[in-house]
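Residue numbers (the working numbering): 14 to 111.
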């Protein structure tokens with residue numbers, strides 16, 4: 014399969030020092046539940062993370078569909094961790110950006 018249209022981080026270039034990607038989430042009013050698929054809605058979030066930790070940025074960001082921005086310092090392994098970020102867990106150390 015041709016992956017060039019998928020826009021994966023390895024094939025794309027950073028924009029102002031950050032990689033950006035859309036993440037598709039299954040949700041129901043923003044909460045995870047055991048709701049049947051036909052009752053769930055598809056939600057999107059934007060994840061932005063530095064291409065070079067400390068050189069181009071420190072914080073990783075998640076922007077929800079309602080425009081709320083959350084941030085978290087994922088540390089020196091950001092470029093390994095961030096591509097797998099799919100959501101912000103309420104129990105995690107993500108916090109609202111000021």
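Note that CB positions come from ideal geometry on N, CA and C, so glycine has one too.
Between the CA atoms of residue j and residue i - distance to the nearest angstrom
i	j	result
residue 100	residue 58	8 Å
residue 108	residue 84	6 Å
residue 89	residue 32	16 Å
residue 93	residue 80	26 Å
residue 65	residue 106	21 Å
residue 62	residue 110	14 Å
residue 76	residue 82	5 Å
residue 91	residue 25	17 Å
Candidates the options: closest to residue i by CA position
i	options	result
residue 34	69, 79, 98, 106	98
Contacting residues, own chain, Cβ-Cβ under 8 Å from residue i (five flanking each side not counted)
i	result
residue 78	56, 57, 58
residue 86	71, 72, 73
residue 30	63, 64, 65, 68, 69, 70
residue 44	The predicted model places residue 44 with a pLDDT of 49, which falls under 50 and marks its position as unreliable, so this point remains unresolved.
C-beta contact flag for residue i and residue j at 8 Å
i	j	result
residue 27	residue 69	yes
Contacting residues, own chain, Cβ-Cβ under 6 Å from residue i (five flanking each side not counted)
i	result
residue 60	34, 36, 75, 98
One or two residues paired with residue i in a DSSP bridge
i	result
residue 2	The structure shown does not extend to residue 2, since the chain is modelled only from 14 through 111, so no value can be given for it.
residue 37	57
residue 109	83
Chain D contact for residue i (CB, 8 Å cutoff)
i	result
residue 95	Here chain D cannot be found, since the structure has a single protein chain.
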